[in-house]
Amino acid sequence: MSKVLMKGNEAVGAAAIKAGCRYFFGYPITPSSEIPEYMSKALPEVGGVFLQAESEVAAINMVYGAGGAGARVMTGSSSPGISLKQEGITYAAGAEIPCVIVNMMRGGPGLGSIQPGQADYYQSTRGGGNGDYRTLCYAPASIQETVDYVMLAFDKADEYRNPVLICADGMIGQMMEAVEFKENLNKNLPAKDWATTGTKGKREKNIVNSLFLEAELCEDHNIRLEKKYKLMEENEVLYEAFGLEDADVVCVAYGTTSRIVKTAIKLAAAKGIKVGIIRPITLWPYPYAIYKDINPNCKGILGVEMSQGQIMDDIKIGIEGRMPVYFHGRTGGMVPTPAGILAEIEKIAGGTK
Amino acid sequence: MAKGKVTFNDDACKGCELCVTVCPKQIIKLNKEKINSKGYSPAHVINIEECIACGNCAIMCPDSVITVERL
Amino acid sequence: MTMVYEKSKGLTDVPFHYCPGCTHGVIHKLVAETLVELGVLEDAIGVAPVGCSVLAYKYFNCDMQEAAHGRAPAVATGIKRVHPENVVFTYQGDGDLASIGTAEIVHAAHRGEKFTTIFVNNAIYGMTGGQMAPTTLIGQKTTTSPLGRTVEHSGMPIRMSEMLATIDGAKFVERVSVDTPANIRKAKKAIKRAFECQIQGKGFAIVEVLSTCPTNWGYTPVKALGWLQENMIPYYPLGNFRDFEEDK
């Protein structure tokens, strides 16, 4: 399998097409505009359709229609643009429409900045729309992982008939790395006989809908959806972890920030401090169970994120108060440095934190 | 001689009287002796002999209550 | 014995929830009859956004998608781009199309999306209980214009057909009314032509249908038809604003 050097945003488009996505609806926004740009050229070449919508709101609703009509469909944007899509995402969850939404996160809140950020963690993992719904949420740390998880996202979206989020950040969108497109598609996914394709006189009408005016029916619907979400929690958790069994300090980080943390870990090792890491790959469902593997003499956990600490709630849930937790982060588009992280590690390890 | 046969799906009628107003022969009224499952008095033809089978009533009815056939 | 009128096969047997005398029902019939008469019912995919007519997804006897308020044109765009050979339509109220969904309808027309929009204008928000809509007339009392709508406070009622007719991608734009059998027959002709515009691949087609809201206007169904004739038709003139040339 030959590798090709690609920019993250374009690799997202190439991976989606490789996964059979033939429809993309998007809107320009830094730092993810190369996704629609790439798709506007590449999709027509494979008989697909790219359409620039009048807004992110319209784009996610085009995704709703196309996904509800049985197509593999994707949209991409960055933080404020993703905020505009939240209503569409909860509608797609309610109507059980498979689709993939890529967020190249940037500094917030509001217009924020155009540099990388991770301050959409709450929105992505708790849901930015109304109602009890969940979405699988992958946080790739490299362009290769982005390609792998975009492709996986299409299978999981179809498998669970649910939207799937890719939570990357501006760095991944703008960076270039060598990637390959592995053939790992799930062939035994069920047919989309629920989709609106026209009855052709051969079946009862299909309805794609999230409205249930009768409360009993709406609750039944929620109970049905909850079963799906429980399955996701049982089967879809992905993470990377090492060094927990003898760590003096454990860091928790995801996406590109985890790579900076790994550099800090090496710097700490050179100073004789053993540092482990937990890297959630699925931000939801979250890998709470792995926290049990942290050795009891560990002096503390350091959460590191490009935010003001949104990562901390899940860390506290995971560790259940067994040891102190700390946060180090940069936000607004600023990126943490290995030295900055190392300084915090040394304080925790030296007990001066 | 009646030119039309007009049938009403009584339980679908909401007693809105739109049919009453558009019948050119003014031969449709709400049947006050009857109450349908919705609690409305359904419309009916009071003098079928004058019906010209124009179909206005059926066209105007929002709920497809009325079927009209030309004899 | 010849059949003059019977319930259309384009409608399911679910009874309409609409208020007595609400002419949504009449418009549903016209769309259903048109789909059957054009022989496209089995290819049809409809989009019903939020409003009194959201439950149209139960009433039309074809595949339906329920859309977020104002977003039906975007949903329909997604469907039509995936299934260009199907007949796609949206059925929208004035709160949906002329207020929250204005951008979506304008851009669907601007792109010349090949679907058909049935736009029901009853000058009020029905489902939520009678609030002012962008199409509410000057002086018209609603639950959010209790003293009557004024130009100074909330501008003049919006004339969507005239506005959309300025957009090149809109190949068929007509305003009709369903207040009399004669007008209903004309409305059906326009609706049929709007679907033909799609079937012949000309571009975006819309029929604005003046309709009543007896409950929220506070009139009997019959009186509501009169109010429509005296007040709405003068401000919203009926007629064609754009038509397409037939395939030669």
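Protein chains in written order, with the working numbering: chain A, 213 to 565; chain B, 147 to 217; chain C, -14 to 233. Think of the CB as a built atom: it goes at the ideal place given N, C-alpha and C, for glycine as much as any other residue.
Query	Result
Between the CA atoms of A/A231 and A/K559 - distance to the nearest angstrom	46 angstroms
Inter-stretch contact at 8 angstroms, needing at least 3 Cβ pairs: the segment 108 to 123 of chain C / the segment 73 to 84 of chain C	yes
Inter-residue spacing [alpha-carbon to alpha-carbon] between A/F237 and B/N182	50 angstroms
Chain A contacts made by the segment 59 to 90 of chain C, where a contact means CB separation under 7 angstroms	A59, V60, A61, T62, G63, I64, R66, V67, H68, N71, A88, E89
Straight-line Cα distance separating A/T358 from A/A649	Any question about residue 649 of chain A goes unanswered here, given that chain A covers just 213 to 565.
Start and end residues, beta strand (DSSP E) containing C/T75	72 to 78
Cross-strand partners of C/W202 (DSSP beta bridge)	DSSP output for C/W202 lists no bridge partner at all.
DSSP beta-bridge partners of B/F130	The structure shown does not extend to residue 130 of chain B, since chain B spans only 147 to 217, so no value can be given for it.
Classification of C/E137 by the beta-carbon crowding that lies within 10 angstroms, buried from 16 upward	exposed
Same chain only: Cβ atoms within 6 angstroms of C/G6, ignoring 5 sequence neighbours per side	P199, P206
With 16 other Cβ atoms within 10 Å as the buried cut-off, status of C/V161	buried
A/F454 to A/I489 span [Cα, whole Å]	6 angstroms
Min CB distance A/L423 to chain C below 8 angstroms	yes
Below-8 angstroms beta-carbon distance, B/K171 vs any chain C residue	no
Contact residues within the segment 197 to 221 of chain C, judged by C-beta distance below 9 angstroms to chain B	P199, T205, P206, V207, L210
Helix, strand or coil at A/R471 [DSSP, three-state]	helix
CB contact flag (C/M(-14), B/E195, <8 angstroms)	no
C/V163, buried or exposed, once every other Cβ within 10 Å from all chains shown has been counted against 16	buried
For C/V16, the three-state DSSP class (helix, strand or coil)	helix
C/T62 in three-state terms, based on DSSP	helix
Through-space distance from C/K156 to C/A190, alpha-carbon basis	6 angstroms
Terminal residues of the beta strand (DSSP E) in which A/N315 lies	311 to 317
Neighbour flag for C/A53 against chain A, beta carbons, 8 angstroms	yes
Contact list for C/Y42 against chain A, beta-carbon separation under 7 angstroms	I419, N421
Spatial neighbours of C/G124 in its chain, beta-carbon cut-off 6 angstroms, leaving aside the 5 residues before and after	G133
Distance between A/A227 and A/F393 (C-alpha atoms, nearest Å)	7 angstroms
Inter-residue spacing [alpha-carbon to alpha-carbon] between C/A29 and C/Q50	11 angstroms
Contact list for A/G343 against chain C, beta-carbon separation under 8 angstroms	By Cβ distance, chain C contributes nothing, its closest Cβ being about 13 angstroms from A/G343, past 8 angstroms.
Per DSSP, cross-strand counterpart(s) of C/P34	C/A52
Among A/A407, A/I506, A/Y466, nearest to A/P492 - alpha-carbon criterion	A/Y466
First through last residue of the beta strand (DSSP E) which encompasses C/R96	Per DSSP, C/R96 belongs to no beta strand (DSSP E); it is in the alpha helix (DSSP H), 87 to 96.
For A/L217: DSSP bridge partner residues	A/A390
Proximal residues of chain C, C-beta to C-beta of B/N177 below 7 angstroms	Correct list: empty, because the minimum Cβ distance to chain C is about 15 angstroms.
8 angstroms Cβ cutoff met for C/Y220 and C/P142	yes
Contacts of C/A155 in chain A (Cβ-Cβ under 7 angstroms)	By Cβ distance, chain A contributes nothing, its closest Cβ being about 15 angstroms from C/A155, past 7 angstroms.
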